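Data block below; observations after.
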Amino acid sequence: MQNRKEIVMINVANIYPHPDNPRKDVGDVTELAESIKKQGIMQNLTVIPLSALTEEPEEQPDADTESLSSDFHVIIGHRRLAAAKLAGIEKVPCKIVSKISKKEQVSIMLEENMQREDLTVWEQAQGFQMMLDLGETEDTIADKTGFSKTTIKHRLNIAKLDQDELKNKEQDKDFQLSLKDLYELERIKDVEERNKILREATDNRNLVAKVQSYIREKERQKKTDAIVKMLKELGVVEAPKQYAREQYGNKWEKVKSFRINDEVPESIRLKNKKDEKLYYYINWIEIDVVRKKKAVKKKLTPAEQKEKKQKANKKYMKDVLKKLDERRRLFVTDIVEGRIARIKDEEKVKDALWSALVLNQSCLYPSRLSYFFAGKPLYECTEEERKEVSEKVAKLSILHQMLVLLNAAMDGTELIKYDGTYKKENGQGLMDGYKVLRLYGWSFEDEEEEKVVNGSHEFYEEESGT
Numbered sequence: 001m002q003n004r005k006e007i008v009m010i011n012v013a014n015i016y017p018h019p020d021n022p023r024k025d026v027g028d029v030t031e032l033a034e035s036i037k038k039q040g041i042m043q044n045l046t047v048i049p050l051s052a053l054t055e056e057p058e059e060q061p062d063a064d065t066e067s068l069s070s071d072f073h074v075i076i077g078h079r080r081l082a083a084a085k086l087a088g089i090e091k092v093p094c095k096i097v098s099k100i101s102k103k104e105q106v107s108i109m110l111e112e113n114m115q116r117e118d119l120t121v122w123e124q125a126q127g128f129q130m131m132l133d134l135g136e137t138e139d140t141i142a143d144k145t146g147f148s149k150t151t152i153k154h155r156l157n158i159a160k161l162d163q164d165e166l167k168n169k170e171q172d173k174d175f176q177l178s179l180k181d182l183y184e185l186e187r188i189k190d191v192e193e194r195n196k197i198l199r200e201a202t203d204n205r206n207l208v209a210k211v212q213s214y215i216r217e218k219e220r221q222k223k224t225d226a227i228v229k230m231l232k233e234l235g236v237v238e239a240p241k242q243y244a245r246e247q248y249g250n251k252w253e254k255v256k257s258f259r260i261n262d263e264v265p266e267s268i269r270l271k272n273k274k275d276e277k278l279y280y281y282i283n284w285i286e287i288d289v290v291r292k293k294k295a296v297k298k299k300l301t302p303a304e305q306k307e308k309k310q311k312a313n314k315k316y317m318k319d320v321l322k323k324l325d326e327r328r329r330l331f332v333t334d335i336v337e338g339r340i341a342r343i344k345d346e347e348k349v350k351d352a353l354w355s356a357l358v359l360n361q362s363c364l365y366p367s368r369l370s371y372f373f374a375g376k377p378l379y380e381c382t383e384e385e386r387k388e389v390s391e392k393v394a395k396l397s398i399l400h401q402m403l404v405l406l407n408a409a410m411d412g413t414e415l416i417k418y419d420g421t422y423k424k425e426n427g428q429g430l431m432d433g434y435k436v437l438r439l440y441g442w443s444f445e446d447e448e449e450e451k452v453v454n455g456s457h458e459f460y461e462e463e464s465g466t
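Note that our numbering has the sequence shown beginning at 1, numbered continuously upward.
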């Protein structure tokens, strides 16, 4: 690298920003421009010949003989250049550097910019990745920038994300993306899955909720695989495709169920007759072991056919609501245990919560708080379990107590009347409850779930007179 011996004045019209400058946005330079108008530029810029971008160092012009009317790129002083142009300054003091490699150019710009507090996460990530691409290691980047290796690892993980999507989310003030949110994404190994969640998330809380959901799904899959392996060793085979629609009729009966969120059993024993064929079926909450019922030939009347269909429809919708109850409980657990960020305006949340509690006719029993953590009545708990649950309940804030009570009030809510029509009042209570949870990032997994809750699902019978 070669430096010109003296500082020279160069026309600002001949100086351009460096295309690889990690700081893509120089920000508001109005105050700096006013200062330059009054006092001039107190510190020179550092520039390189235009050809330094494309030519090897030995092919670049000599710094001492390069014409001052040539074009240059700035490597130190991007904000000063922008402010000088805004202030209407024609010439600025510059140090010309030549015989400089691309790696040296980027390194100089990074070292100048990386310590700036207003450098965005996206810009930092790009900068570190650029240094890595130019042959630096995490150790040398740490030495040159002063950042810890942990921070550098985090930023390099950020650089693996879809940069356009990341930039859009970072610039969206309503999204409120933070470093903590991006660190959550690192829990997912698959970069494509990270990008999918980043793309689909509606705000920062929804992003964290989606990460938690993905992690849980992976854990569920791991447990599912373990249980299925044991079942297959016992000769149990996967249920045929038609079971998905036939399970709500009278063709099958359940032999045993395994809750996927519970611990995987060490072994499985099944009581079945010799040569009896058993099948397994995986749903969101549990793995069912089933067998075919003996066929009973009976011609149903139209009324009996209608009743049979209604029963099947009711069972299907109850299963959807059961799945929602489990997902909601896990989501509220994430909130009270701090995995989902607090909401700043807690008074607003409390108002919405109270309204939802009233609509859901919540009973304020202390036992509901302990049941949330224990998953069973306290009298069924061991002394150690009771102590652990009591400690957790004692730590709950008023807001979190209200959330737990809301979850309990929503649990097992009946939405289907005896005649198959929709219970509007109960449905409104549930929708208000989910409206509160949306503030924390809740979302229905699919349209089917939401339609069951809001009463628009085709399986509901129409009310007479409509």
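Note that the Cβ used here is the ideal one computed from N, Cα and C, for glycine as well. Every value quoted in this text rests on a predicted model; they were computed, and no experiment measured them.
Between the region 417 to 427 and the region 388 to 406, the count of Cβ pairs shorter than 8 Å is below three; the stretches do not touch. DSSP places Gln-171 within a helical segment (H, G or I) once states are collapsed to three.
Within the same chain, Phe-175, Leu-177 and Leu-198 come within 7 Å of Lys-169 by CB-CB distance, once the 5 residues on both sides are set aside. Under a 10 Å Cβ-count criterion, Leu-364 is classified as exposed, with fewer than 16 other Cβ atoms of the shown protein chains found around its own Cβ.
Sequence-distant Cβ neighbours of Arg-220 in its own chain, meaning closer than 6 Å and more than five residues away, are Ile-260. For Lys-167, the CB contacts under 8 Å within the same chain, skipping 5 residues up- and downstream, are Trp-122 in chain order.
Take Asn-426, set aside five residues on each side of it, and the residues of its chain with a beta-carbon closer than 7 Å to its own are Thr-413, Glu-414 and Leu-415, in chain order. The beta carbon of Asn-454 sits closer than 7 Å to those of Gly-427 and Met-431, all from its chain and outside the five residues before and after it, given in chain order. Per DSSP, Asn-313 has no beta-bridge partner at all. In its own chain, leaving out the 5 sequence neighbours on each side, no residue places its CB closer than 6 Å to the CB of Arg-327. A distance below 6 Å between beta-carbons, with the five flanking residues on each side excluded, links Gln-105 to the following residues of its chain, in chain order: Ile-75. Close CB contacts of Val-332 within its chain, under the 6 Å cut and outside five residues either way in sequence, are with Leu-403 and Asn-407 (chain order).
Sorting Glu-448, Thr-120, Ile-48 and Asp-162 by C-alpha distance to the C-alpha of Ile-108 places Ile-48 at the top. Annotation: Gly-375 to Val-237 spans about 31 Å, alpha carbon to alpha carbon. Between Leu-207 and Asp-190, the CB-CB gap reaches or exceeds 8 Å.
Classified as exposed, Ala-226 has fewer than 16 neighbouring CB atoms from the shown chains inside 10 Å of its CB. Relative to Gly-338, the option among Arg-386, Met-230 and Glu-184 whose CA is nearest is Glu-184. Cα atoms of Ala-341 and Ile-36: separation of roughly 43 Å, rounded to the nearest angstrom. Distance from the Cα of Arg-438 is smallest, within the candidate group Glu-391, Ile-41, Ile-343 and Lys-254, for Ile-343. By the C-beta density criterion, Asp-164 is exposed, having fewer than 16 other C-beta atoms within 10 angstroms. In this structure, DSSP gives Glu-458 a state outside helix and strand, which the three-state scheme calls coil.
Per the Cβ contact rule, the region 80 to 88 is in contact with the region 2 to 17 (3 or more Cβ pairs under 8 Å). Of Gly-127, Lys-102 and Thr-120, the smallest CA-CA separation from Leu-110 is found for Gly-127. The distance from the Cβ of Lys-153 to that of Ala-142 is about 10 Å, inconsistent with a contact at the 8 Å cut-off. Here Glu-136 is buried. Its C-beta has 16 or more other C-beta atoms within 10 Å.
Under the DSSP assignment, Phe-72 falls in the beta strand (DSSP E) whose first and last residues are 72 to 76.
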